[in-house]
Amino acid sequence: MTDAEERAAAATDGEDTVSTEPGGDADPADASVPTLAPVADVLTDAADLGALVHGSAGVVVGLDFDGTLAPVVDDHAGASLAPAVRPVLRRLAARPSVLVAVVSGRALDDLRGRVGRTDEGVVYAGNHGLELGHGDETVVHPDALRRRDDVAGLCDALGDRLADVPGTAVENKGITATVHYRTAHSTAVPGVIDAVETAVADRDGLRVTAGDRIREIRPAVDWDKGDAMRLLSAVAPDDWTTVYVGDDVTDEDAFAAVQPDGAGVHVARGGSAVDPGETAAAHRLDGQSSVTALLRWIDEVAPRPSRRVDWSDLRPLDDPFGPAGR
Ligand SMILES: O=P(O)(O)OC[C@H]1O[C@H](O[C@H]2O[C@H](CO)[C@@H](O)[C@H](O)[C@H]2O)[C@H](O)[C@@H](O)[C@@H]1O
Numbered sequence: 086m087t088d089a090e091e092r093a094a095a096a097t098d099g100e101d102t103v104s105t106e107p108g109g110d111a112d113p114a115d116a117s118v119p120t121l122a123p124v125a126d127v128l129t130d131a132a133d134l135g136a137l138v139h140g141s142a143g144v145v146v147g148l149d150f151d152g153t154l155a156p157v158v159d160d161h162a163g164a165s166l167a168p169a170v171r172p173v174l175r176r177l178a179a180r181p182s183v184l185v186a187v188v189s190g191r192a193l194d195d196l197r198g199r200v201g202r203t204d205e206g207v208v209y210a211g212n213h214g215l216e217l218g219h220g221d222e223t224v225v226h227p228d229a230l231r232r233r234d235d236v237a238g239l240c241d242a243l244g245d246r247l248a249d250v251p252g253t254a255v256e257n258k259g260i261t262a263t264v265h266y267r268t269a270h271s272t273a274v275p276g277v278i279d280a281v282e283t284a285v286a287d288r289d290g291l292r293v294t295a296g297d298r299i300r301e302i303r304p305a306v307d308w309d310k311g312d313a314m315r316l317l318s319a320v321a322p323d324d325w326t327t328v329y330v331g332d333d334v335t336d337e338d339a340f341a342a343v344q345p346d347g348a349g350v351h352v353a354r355g356g357s358a359v360d361p362g363e364t365a366a367a368h369r370l371d372g373q374s375s376v377t378a379l380l381r382w383i384d385e386v387a388p389r390p391s392r393r394v395d396w397s398d399l400r401p402l403d404d405p406f407g408p409a410g411r
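Going by the working numbering, the first residue of the sequence shown is number 86, and it counts up by one from there.
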């Protein structure tokens with residue numbers, strides 16, 4: 086979808102319901118929401134989320150990638166941003182009252198490449214927040230960097246070990262790695278998981294975590310998507326709120342981090358590792374195909390800024406991991 090088509094779609098979506106500019110010159114404490122129609126059928130407790138966003142001076146929007154911005158596919162290398170998402174993401178990122186954060190288990194460079202053109206209003210958190218990027222700047226958790234060679238060695242060893250197991254793949258992400266088994270035969274899966282756990286058990290400073298048809302090898306560093314979201318919420322002005330949208334196990338850390346002051350939105354999916362009934366998120370979206378509607382709605386509901394925020398100066402990102410990372 087082109088930018089022009091996207092603008093037309095957004096206008097059509099909102100024309101029956103939005104009669105005032107959200108925020109505008111109005112008192113930000115006025116939490117009445119102009120419209121629920123675009124998300125009423127796909128999002129639980131939409132009125133609460135709308136009131137939170139509309140009643141704040143601005144919003145940090147944290148977005149997971151796989152299963153949220155991109156549909157899940159069998160081949161991890163083939164995942165791509167849903168076409169309709171790109172223009173609304175760009176529009177949100179250009180809003181002075183919105184900071185977009187793309188937060189993923191993917192490596193930062195991979196993530197940047199898949200999201201496309203970067204903007205001043207977009208922060209990237211790759212490798213579960215161990216790599217942070219804004220503009221041309223990148224900062225990596227120093228303790229994680231120290232494990233890079235160990236991760237590479239494990240990728241080689243597991244690549245050899247699983248070479249004859251159809252449907253498996255080893256994704257080396259630099260400071261972390263993913264072992265995929267989405268298309269492996271179900272009888273092979275326990276052996277794959279055991280191979281990963283056994284290989285990591287022999288190495289200090291690494292740990293195994295679970296995800297959607299994957300096991301991940303991560304440095305034993307106390308830092309996850311929740312820490313990344315806490316950091317970004319702290320960067321924003323005090324009168325802003327934070328919304329985080331995600332579908333997988335690792336997104337639960339981010340939901341816990343942003344709530345209760347902000348809000349989590351769990352994206353439901355059949356076969357997901359997180360059941361909609363089990364998520365910590367306060368809101369549930371009915372599926373990845375509704376993410377575009379959610380983002381368009383946030384764009385409508387988000388306040389017009391009372392002041393401009395200069396994202397070119399995200400000073401806390403100069404030293405995000407602090408002394409603990411030394
Ligand atoms: O935090 P995310 O952005 O959700 O990234 C988590 C992992 O995503 C990728 O794997 C997942 O998506 C693949 C493509 O749809 C799918 O084939 C796989 O089964 C999913 O687990 C990525 O390849 C991993 O490295 C990320 O950690």
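Virtual Cβ for every residue (Gly too), placed ideally from N, Cα, C. If you're wondering where the values come from, they're calculated on a predicted model, not measured in any experiment.
Where do the ends of the alpha helix (DSSP H) carrying residue i lie?
i, result
"Glu-337", "336-343"
"Pro-275", "274-286"
"Trp-308", "First-last for Trp-308: undefined, no H or E at that position."
"Val-264", "That residue, Val-264, is in no alpha helix (DSSP H); its beta strand (DSSP E) goes 262-265."
"His-226", "Premise fails: His-226 is in no alpha helix (DSSP H) and is neither H nor E."
"Ala-132", "131-139"
For residue i, count neighbouring C-beta atoms within 10 Å of its own C-beta (all shown protein chains included) and say buried if the count is 16 or more, exposed if not.
i, result
"Arg-381", "buried"
"Pro-275", "exposed"
"Gly-198", "exposed"
"Arg-232", "buried"
"Asp-228", "buried"
"Ala-189", "It should be pointed out that residue 189 corresponds to Ser in this sequence rather than to Ala. It is buried - the Cβ of Ser-189 has at least 16 other Cβ atoms within 10 Å."
"Pro-304", "buried"
"Ser-141", "buried"
"Thr-261", "buried"
"Arg-298", "buried"
"Thr-364", "buried"
"Pro-123", "buried"
"Thr-283", "exposed"
"Arg-292", "exposed"
"Gly-407", "exposed"
"Pro-168", "exposed"
"Gly-147", "buried"
"Asp-309", "buried"
"Ala-248", "exposed"
"Glu-385", "buried"
"Thr-326", "buried"
"Ala-348", "buried"
"Thr-263", "buried"
Helix, strand or coil for residue i, going by three-state DSSP, please let me know.
i, result
"Ile-302", "strand"
"Val-157", "coil"
"Asp-112", "Note on Asp-112: pLDDT 48, under 50, position unreliable in the model; the coordinate value appears next. Here Asp-112 sits in coil by DSSP."
"Ala-178", "helix"
"Gly-244", "helix"
"Glu-385", "helix"
"Thr-326", "strand"
"Leu-166", "coil"
"Thr-377", "helix"
"Ala-237", "helix"
"Val-320", "helix"
"Gly-362", "coil"
"Val-173", "helix"
"Asp-404", "coil"
"Gly-456", "With the chain running from 86 to 411 in the structure shown, residue 456 is simply not present."
"Gly-331", "strand"
"Gly-355", "coil"
"Gly-349", "strand"
"Asp-218", "Residue 218 is actually Gly in this sequence, not Asp. Note: Gly-218 maps to strand in three-state DSSP."
"Ala-89", "Residue placement at Ala-89 is flagged as unreliable, the pLDDT there being 45, under the threshold of 50; the coordinate-derived value follows with that caveat. If DSSP states are grouped into helix, strand and coil, Ala-89 belongs with the helices."
Note the first and the last residue of the continuous beta strand (DSSP E) segment covering residue i.
i, result
"Ala-186", "183-188"
"Gly-198", "Looking at the DSSP string, Gly-198 is not in any beta strand (DSSP E); the run it does join, the alpha helix (DSSP H), is 193-200."
"His-270", "Counting along the chain, His-270 falls outside any beta strand (DSSP E), and DSSP gives it neither H nor E."
"Asn-257", "254-257"
"Ala-295", "291-296"
"Val-207", "207-211"
"Leu-121", "Leu-121 -> no beta strand (DSSP E), and no H or E assigned at all."
"Val-145", "143-148"
From the beta carbon of residue i, is the nearest beta carbon of chain C less than 8 Å away?
i, result
"Arg-246", "The chain inventory of the structure shown lacks chain C, comprising one protein chain alone."
The stretch 311-325 / the stretch 205-218 touching (three or more Cβ pairs under 8 Å): yes
The stretch 322-335 / the stretch 347-365 touching (three or more Cβ pairs under 8 Å): yes
Touching by the beta-carbon criterion (3+ pairs, under 8 Å), the stretch 333-347 and the stretch 136-155: A contact is defined here as three or more CB-CB pairs under 8 Å, and the stretch 333-347 meets this definition with respect to the stretch 136-155.
Segment contact, 8 Å Cβ cut-off, at least three pairs: the stretch 276-290 with the stretch 320-329: no
contact_flag[the stretch 119-137, the stretch 369-377] where n(CB pairs < 8 Å) is 3 or more: Proximity of the stretch 119-137 to the stretch 369-377 meets the contact definition, three or more beta-carbon pairs being nearer than 8 Å.
Segment contact, 8 Å Cβ cut-off, at least three pairs: the stretch 249-268 with the stretch 156-166: yes
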